[in-house]
Every structure is written in structure tokens, then in C-alpha cells.
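For the numbering used here, add 3 to where a residue sits in the sequence shown, where the first one is 1. Think of the CB as a built atom: it goes at the ideal place given N, C-alpha and C, for glycine as much as any other residue.
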Amino acid sequence: MSPRHSVALLADPEDEGRIVQAVDARADLKVVRRCADLPEVRAAVRAGIADLVVLRAAEPDLDALVIEELRIGGAGVVLLVDASTRAQARSLGADALALKDDAEGIVEALEARIRGGIGLVTSDSMPPDPFEEAACPARDLGSDAGLGPDAPPSDKAGTEGPQGRIVAVWGTSGAPGRSTLALGIAHALAEDSPTILIDGDLRNPSLAHMAGIPVDSSGIAALSRAALRGALDGLGLEGALTPYTDHLSILTGLTTPHRWREVGPAALDAIVTAAARMSPWVVVDLAAVSLDEVADETRQIGDRDDTTAAILRRADEILCVARADVLGISRLAHALAWFEELGASAQPRIVINRVDSAATGPRPSGAIGAALQAIIPGRSAHLIPEDAMVAKGLLKGRSVVAASPKSPAAQALSDAARSLGGAGARAPRGTRRGRRVKH
């Protein structure tokens with residue numbers, strides 16, 4: 004005889020009785036808690052009283068963090084939806100959705116969760132959602148009539164239309180100039196195509212300062228809150244962006260690093276994915292990592308390394324930035340060893356910044372090449388020279404590509420941008436100097 008599963012229920016009063024009757028009619032299901040609010044549901048799961056949760060999606064305090072907490076606690080989660088809440092609820096990470104007034108459909112969803120199937124439960128009275136059908140093609144979840152064709156999207160699913168390319172600018176510790184390069188690379192890409200630059204550095208967010216943008220509010224924190232509620236959309240993202248040039252917009256980072264818990268791995272992943280639907284290029288500035296082990300999967304809750312890892316796994320192109328000195332090359336070796344454990348699909352392109360004969364000897368390229376052969380044999384690197392024009396440009400809130408397009412660093416940054424897959428960034432031009440950010 005199969006074990007009986009315990010269900011914690013939080014539903015509207017007019018639906019609760021029918022749901023309890025339908026659930027208790029099954030030999031393997033039993034409602035053990037009729038909960039009055041969300042804290043009572045969470046307590047039931049933490050205490051091990053319930054291993055299944057049926058929960059109304061319209062609960063005011065419900066977000067993706069709560070769903071993940073319940074699932075980590077060992078409970079399967081079925082959200083009760085109607086036509087107005089279904090689209091938002093499907094992005095919260097529950098195991099299944101069911102119409103709140105379809106008691107038999109709710110039972111079918113619970114049975115599917117027990118069997119290991121995860122799908123969207125609908126009834127004949129609810130019209131199909133065109134977005135869901137386009138985003139998640141049908142798959143067979145069994146012969147039960149109550150199961151619908153939909154399923155939660157995979158890492159690369161749930162998108163509409165062509166996707167822009169995601170460029171992660173990451174690097175070692177020790178201030179290699181990663182954010183400066185991210186701004187320059189984004190500016191170079193924007194010479195040809197619309198580009199979004201995202202400050203995803205949760206340790207030392209700095210792009211707003213570099214670009215001369217007021218830091219009284221955080222664009223990334225606001226969008227993360229929307230992502231947790233399943234309410235992130237293109238209009239919200241567009242409203243959070245700060246126009247920087249005609250074709251470059253910036254999503255500002257945290258106003259202070261101690262607020263890093265507001266931006267979880269899955270939230271930043273959702274923001275980056277939404278940005279890629281809007282723009283041909285998305286450049287994400289990412290913090291250096293502590294080199295500790297990270298989770299194998301992207302979760303709502305995680306530390307700063309988990310957030311960096313989530314975007315590195317998502318990225319189409321990765322630029323790994325290191326300083327052109329002995330310490331920089333040593334730190335690069337450790338960072339690449341950490342990266343190899345991630346299982347990311349893209350391989351990092353190495354960028355050595357602030358190349359100067361004072362630190363590397365009279366032949367910098369030869370010395371750096373020899374050092375790199377010991378850790379990444381057969382791989383080349385982009386070299387960005389030490390250039391006083393970089394600091395002069397930042398003093399004016401401009402990247403070196405805009406402030407001094409013919410300088411050595413600007414030329415090298417544009418070369419690096421053109422090397423990215425599908426990039427068509429033009430060489431820097433001295434005629435385009437306009438900015439849309441005002442001081």
C-alpha cells in the first residue's frame with residue numbers, strides 16, 4: 004500500500020470545502036492543515052507535518068523565495084490560480100498550477116507531483132494562454148486527463164523572438180579594472196547595435212559612479228523584487244534603464260554592497276534573460292568570486308558567488324579580466340580553476356588589463372604570453388594597455404571609447420568587442436561624443 008501524503012491547504016473560503024472533499028477522497032492524500040495564512044503553511048512544512056502544499060497564488064506575501072523555501076523543506080507546491088494570476092504564478096517556481104475552483108484538477112496536480120510529473124493543470128473552462136503555449140511547447144506528462152501540456156521553462160526556454168547575446172565581464176580579485184572594461188566594451192558594441200549594460204557586481208557596484216549616473220536608487224534591486232513576484236516584464240525593465248547614449252542603456256547596481264541579499268541568483272538570471280529579449284547585446288559586470296564551491300543549480304536564494312555563477316552559466320560570451328602583473332596572473336590561474344567546476348557552456352576569453360612595461364618588462368606581450376602558457380596553454384589573450392586617457396574619461400563620467408576614441412586603450416577595447424561572436428562593433432570614431440546622461 005502506498006504511503007498517504009499530507010497536504011497543507013491555504014485556499015479561499017468558498018473553495019476550501021470542495022478541495023478538502025476531493026483530496027480526502029483519494030486513498031493516498033489527506034488534508035492535515037487548513038491554514039489561515041502563509042506563515043502557518045511555512046510552519047507546517049518546517050515541522051514536517053505536510054509534504055504537499057496547495058496554496059492560492061493571490062496570497063499577498065507569496066513570492067519565489069517562499070516557494071523555494073517550501074520546496075527545500077521537502078514539500079511539493081501546487082498554486083491555485085485564475086485567469087488573472089496564472090501568467091504571473093507560472094514564473095514563481097511551483098511544481099504545478101491548478102484552477103482554484105477545479106477541485107478534481109487540483110487533485111490531479113497533486114497526483115502528478117507524487118508521480119514526479121510537473122505540469123500546468125487547466126480545465127476546459129479556462130482558455131489557453133497564448134504566451135504559455137508559445138513559450139513552452141507541449142510534452143507528454145502521462146495519460147491523465149487533468150494534466151495540461153505546459154511545464155516550467157528550462158534554463159534557456161520561456162523566450163519570445165530572437166535572443167540577444169549575453170556577455171559576462173568577470174575577473175579576478177585585486178581591482179583589475181573589470182568595471183571600466185565592461186563600460187568600454189558596452190560602449191564599443193553600442194556603436195553598431197543597441198546594448199544594455201547591467202551592473203551585476205554585488206560586492207563593489209560602481210558603473211553608476213563611472214557613468215555619472217545618480218545613485219539614489221537601484222535599478223537592479225527594483226527589478227529583482229519584481230522578478231521574485233513573477234511580475235518582471237519588458238515595460239518594467241525598460242522603465243528601470245538609464246539611457247547613456249543613443250544605443251546604450253545602463254541598469255544601475257546596488258546603492259550599497261550590504262544590500263546584496265536583495266539580488267538572488269535566479270532574480271538576476273531573470274533580469275538578464277529579459278534584457279536579452281529587448282536588446283541585441285547585454286553586457287553584465289560581475290564581481291570576482293571567493294573561489295568557494297557554489298551550488299550546481301541556480302536558486303532564488305544564494306550568496307554572491309552563486310549569483311555570479313548563475314550568469315556565467317547563462318552567458319554566451321565571457322571576458323575574464325586580470326591585471327598585467329605577477330599577482331594578476333596568479334589570481335587568474337585560481338579563478339580559471341574555479342570556473343572549470345561550473346560546467347558553463349561558454350569558455351572565457353582572457354583579457355589582460357593595464358599592460359605596462361614597468362610591471363612586465365620591456366616586451367610585455369612576450370612576458371604575458373609566456374606566463375599564460377603555463378596555465379592556459381594554446382590560448383591567447385586580449386591585451387589592454389595602460390592608458391592615462393581611461394582615468395581622464397572617467398573623471399568626466401565617460402568611457403575611454405567615447406572620451407578618447409583614438410587612444411590605445413579605446414582601440415584595444417574595440418578590437419575585443421569585435422572579437423565577440425556575432426559582434427560588428429566598428430573601430431572607435433572621434434565624431435560621436437554625445438551622451439544622454441546629464442550631471
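Q. Can you name, in chain order, every residue of its own chain whose Cβ lies under 7 Å from the Cβ of Asp143, other than the five neighbours on each side?
A. A caution first: Asp143 carries a pLDDT of 32, below 50, which makes its placement in the model unreliable, though a value can still be read off. Contacts found: none.
- Message: In the DSSP output, what is Asp288 paired with across the bridge?
- Response: In the DSSP output, where bridge partners are listed per residue, Asp288 has Val172, Asp202.
- Message: Using 8 Å for Cβ pairs, my map puts Gly76 next to Arg49. What's the rounded Cβ distance?
- Response: With a beta-carbon spacing of about 6 Å, Gly76 and Arg49 fall inside the 8 Å limit used to define contacts.
- [ ] Determine, using beta-carbon pairs with one atom in the region 203-210 and one in the region 255-274, whether at least three such pairs fall under 8 Å.
- [x] Segment contact: the region 203-210 against the region 255-274, three or more CB-CB distances shorter than 8 Å; contact assigned.
Drop a sphere of 10 angstroms on the beta-carbon of Ser220, count the other beta-carbons inside from all chains shown, and report buried for 16 or more, exposed for fewer. Around the Cβ of Ser220, a 10 Å sphere holds fewer than 16 other Cβ atoms; the residue is exposed.
Would you kindly work out how many angstroms separate the C-alpha atoms of Val10 and Thr276, rounded to a whole number?
Going from the Cα of Val10 to the Cα of Thr276 covers about 35 Å.
Own chain partners of Val23 with C-beta closer than 6 Å, once the 5 adjacent residues on each side are dropped
Beyond the five residues adjoining it in sequence on each side, Val23 comes within less than 6 Å, by CB distance, of Val34 in the same chain, given in chain order.
*Ends of the beta strand (DSSP E) at Leu83?*
That run of the beta strand (DSSP E) goes 79-84.
request  = Identify every run of the beta strand (DSSP E) within the region 383-428, keeping only runs that are complete inside it and at least 3 residues long; order them along the chain.
outcome  = Here the runs fully enclosed are 384-388.
message = Let's test the definition: count the other Cβ atoms within 10 Å of the Cβ of Lys103 and tell me whether it reaches 16, buried, or not, exposed.
response = Lys103 comes out buried.
Review point. Anyone know if the C-beta pair for Leu192 and Leu397 falls short of 9 Å?
Key: No, they are not a contact pair.
Original post:
What residue ranges within the region 57-114 form continuous beta strand (DSSP E) runs of no fewer than 3 residues, ordered along the chain?
Top reply: Taking only runs of at least 3 residues, the beta strand (DSSP E) segments lying wholly in the region 57-114 are 79-84, 99-102.
If you reduce the DSSP assignment to three classes, tell me which class His190 lands in. In this structure, His190 counts as helix in the three-state DSSP scheme.
Start-to-end residues for the alpha helix (DSSP H) that takes in Pro367: For Pro367, the uninterrupted alpha helix (DSSP H) run begins and ends at 367-376, by DSSP.
Q. Per the contact definition of three or more C-beta pairs closer than 8 Å, is the region 242-259 in contact with the region 181-198?
A. With contact defined as three or more Cβ pairs closer than 8 Å, the region 181-198 and the region 242-259 are in contact.
Q. In terms of residue numbering, what span does the beta strand (DSSP E) encompassing Ala325 cover?
A. Counting along the chain, the beta strand (DSSP E) containing Ala325 begins and ends at 320-326.
- [ ] Identify the continuous beta strand (DSSP E) that holds Pro260 and give its terminal residues.
- [x] Here Pro260 belongs to no beta strand (DSSP E), and DSSP marks it neither H nor E.
Residues near Ala347 by beta carbon distance below 6 Å, same chain, minus five either side: So the qualifying residues of the chain are Leu315, Arg316.
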